[in-house]
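Enquirer: Just passing along the structure, written as structure tokens.
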Amino acid sequence: MFLNFAGLVLALYIVLIFATYLFQRKLQYFPSMEYILPVQAGLKDVQEIVLATPDDEKLIAWYTPAQAGQPTILYFHGNGAGLIDRAERMSKYQALGLGFFIHAYRGYAGSSGAPSEKALIADAHLAYTHLLKQGIKPENIVVFGESLGTSIATQLAASVKVGAVILESPFTSAVNVGALRYPYLPVRYLMTDQYLSDQYIRGVSAPVLVVHGGLDQVVPLAMGKQMFKLAKEPKEFILLAQAGHNNHDQFGLVPKVQAFIASFIATN
-13 MFLNFAGLVL ALYIVLIFAT YLFQRKLQYF PSMEYILPVQ AGLKDVQEIV
37 LATPDDEKLI AWYTPAQAGQ PTILYFHGNG AGLIDRAERM SKYQALGLGF
87 FIHAYRGYAG SSGAPSEKAL IADAHLAYTH LLKQGIKPEN IVVFGESLGT
137 SIATQLAASV KVGAVILESP FTSAVNVGAL RYPYLPVRYL MTDQYLSDQY
187 IRGVSAPVLV VHGGLDQVVP LAMGKQMFKL AKEPKEFILL AQAGHNNHDQ
237 FGLVPKVQAF IASFIATN
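Numbering (the numbering used here), first residue to last: -13 to 254.
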């Protein structure tokens, strides 16, 4: 009887592993499907842009140009978020005169297609190239990623020239987070989109700001500290001791980001 029970448990475990592998992206990505125009989000002087990808998908983006002499933030949002979720943050940086470009990932907030690491990194390069075509110099582009977006930002900044990099709630890798969350599964052997940020950060030569909340229950603070340790100089670490994973603006992040950008990107 015991052997039969053990065999049943083993069979169920194998089925679980197989199902996890097949549907892993359903477990990894949580798209916000809400499509909304900038004006409906209360934003002024922000235009919706549709970027066409080489594989015939479309990306919905919001863009507000920088005031004269100011840099532009190329923003990569977190998992489970959409453009509407960063409308307020966009307006804050817009009020400071900074340019701001953010696109919804594939399958998020009006963008077509389905998310994958390979596709999201390719789309990041597409967004970067779009800004260059607007006449923005690479040294005036600040790559800003939050949570999932930190890996996209890191991989982009490791391969192109940018003025600065901001990583908010960064993880060392998605597979490390997955292994912590699902210790009963062989995540390291199953996961396709591993987002190995700790490997790519070594190739970033631009100034890096790492921000992490002391009460973050999604990505351990230790991962943010490790990413900071691996980053090259010049770099800065900001610990928001009372903040969680994605409420950093409530603890004074915006002026800190503004100060960091002003330290490394000259305005005229």
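Beta carbons: idealized from backbone N, C-alpha and C, even for Gly.
(1) Do residue 198 and residue 225 count as a contact pair if the criterion is CB distance below 8 Å?
(2) CA-CA distance, residue 159 and residue 33?
(3) Mind the definition here: the region 126 to 134 touches the region 150 to 164 only if three or more C-beta pairs lie below 8 Å; say whether that holds.
(4) Taking a contact to mean a Cβ-Cβ separation below 8 Å, would you say residue 149 touches residue 57 in this structure?
(5) Just confirm the distance between the C-beta atoms of residue 98 and residue 43, as a whole number of angstroms; I'd bet it's less than 8 Å.
(6) Which one or two residues does DSSP pair with residue -7 in a beta bridge?
(7) List the whole-angstrom C-beta distance separating residue 85 from residue 50, where the pair is believed to meet the contact cut-off of C-beta under 8 Å.
(8) May I ask you to list the residues that DSSP assigns as paired with residue 49?
(9) Go to residue 207, then tell me how far its alpha helix (DSSP H) extends in each direction, as first and last residue.
(10) Please report how far the alpha carbon of residue 63 lies from the alpha carbon of residue 17, in whole angstroms.
(11) Just checking my contact of residue 260 with residue 27 at CB under 8 Å: how many whole Å lie between their CB atoms?
(12) Enumerated in chain order, which unbroken segments of the alpha helix (DSSP H) with a length of 4 residues or greater are wholly contained in the region 81 to 131?
(13) Does residue 55 pass the burial test, meaning 16 or more other C-beta atoms within 10 Å, or should it be called exposed?
(14) Hey, could you find the ends of the alpha helix (DSSP H) residue 204 is sitting in?
(15) Assess, as a yes-or-no matter, whether the region 176 to 188 is touched by the region 133 to 148 under the definition of 3 or more beta carbon pairs within less than 8 Å.
(16) Do you know how far the Cα of residue -3 is from the Cα of residue 125?
(17) Need the endpoints of the alpha helix (DSSP H) that residue 221 sits in, please.
(18) For residue 117, which option in 189, 188, 176 and 35 has the closest C-alpha, if you only look at C-alpha atoms?
(19) Starting from the N-terminal side, write out each stretch of the alpha helix (DSSP H) that is 4 residues or longer and does not extend beyond the region 142 to 171.
(20) What are the boundary residues of the beta strand (DSSP E) that residue 246 is part of?
(21) How about residue 247 and residue 216: are their beta carbons less than 8 Å apart?
(22) Which whole-angstrom value is the C-beta distance of residue 243 and residue 194, which I expect to be below 8 Å?
(23) Let me know if residue 127 comes out buried or exposed under the rule of 16 or more other beta-carbons within 10 Å of its beta-carbon.
(24) Over the uninterrupted beta strand (DSSP E) stretch that includes residue 69, give me the two end residues.
(25) Less than 8 Å between the CB atoms is what I'm expecting for residue 46 and residue 93, so what's the real figure, rounded?
(26) Tell me whether the beta-carbon of residue 60 lies closer than 8 Å to the beta-carbon of residue 113.
(27) For residue 147, count neighbouring C-beta atoms within 10 Å of its own C-beta (all shown protein chains included) and say buried if the count is 16 or more, exposed if not.
Expert: Taking the definition as stated:
(1) For residue 225 and residue 198, yes; Cβs fall inside 8 Å.
(2) Cα to Cα, residue 159 sits roughly 33 Å from residue 33.
(3) A contact exists between the region 126 to 134 and the region 150 to 164.
(4) Note that the C-beta distance between residue 149 and residue 57 is below 8 Å.
(5) Right, their Cβ atoms sit about 5 Å apart.
(6) According to DSSP, residue -7 bridges with nothing at all.
(7) Going by Cβ atoms, the distance from residue 85 to residue 50 rounds to 6 Å, so yes, they are a contact pair.
(8) Listed as beta-bridge partners of residue 49 by DSSP are 33 and 87.
(9) From DSSP, the alpha helix (DSSP H) with residue 207 extends over 207 to 216.
(10) A direct Cα-Cα distance of roughly 11 Å separates residue 63 from residue 17.
(11) This structure gives no information on residue 260, because the portion of the chain shown stretches from -13 to 254.
(12) If we require 4 residues or more, the alpha helix (DSSP H) runs fully inside the region 81 to 131 come out as 103 to 119.
(13) Using a 10 angstroms sphere on the CB of residue 55, the tally of other CB atoms stays under 16, which defines it as exposed.
(14) That residue, residue 204, is in no alpha helix (DSSP H); it is neither H nor E in DSSP.
(15) A contact is defined here as three or more CB-CB pairs under 8 Å, and the region 133 to 148 meets this definition with respect to the region 176 to 188.
(16) Residue 125 and residue -3: Cα-Cα distance of roughly 55 Å.
(17) Segment 221 to 226 is the beta strand (DSSP E) holding residue 221; no alpha helix (DSSP H) there.
(18) Of 189, 188, 176 and 35, the residue nearest in Cα terms is 35.
(19) List check, alpha helix (DSSP H) in window: 160 to 167.
(20) First-last for residue 246: 239 to 250, but that is the alpha helix (DSSP H), not the beta strand (DSSP E).
(21) Not a contact, by the Cβ cut-off of 8 Å.
(22) The beta carbons of residue 243 and residue 194 sit about 13 Å from each other, so the pair does not count as a contact at 8 Å.
(23) Counting Cβ neighbours within 10 Å, residue 127 comes out buried, since at least 16 surround it.
(24) Following the DSSP letters along the chain, one finds residue 69 in no beta strand (DSSP E), marked with neither H nor E.
(25) Actually they do not touch by this definition, with Cβ atoms about 11 Å apart.
(26) Yes. Within cutoff.
(27) It counts as exposed.
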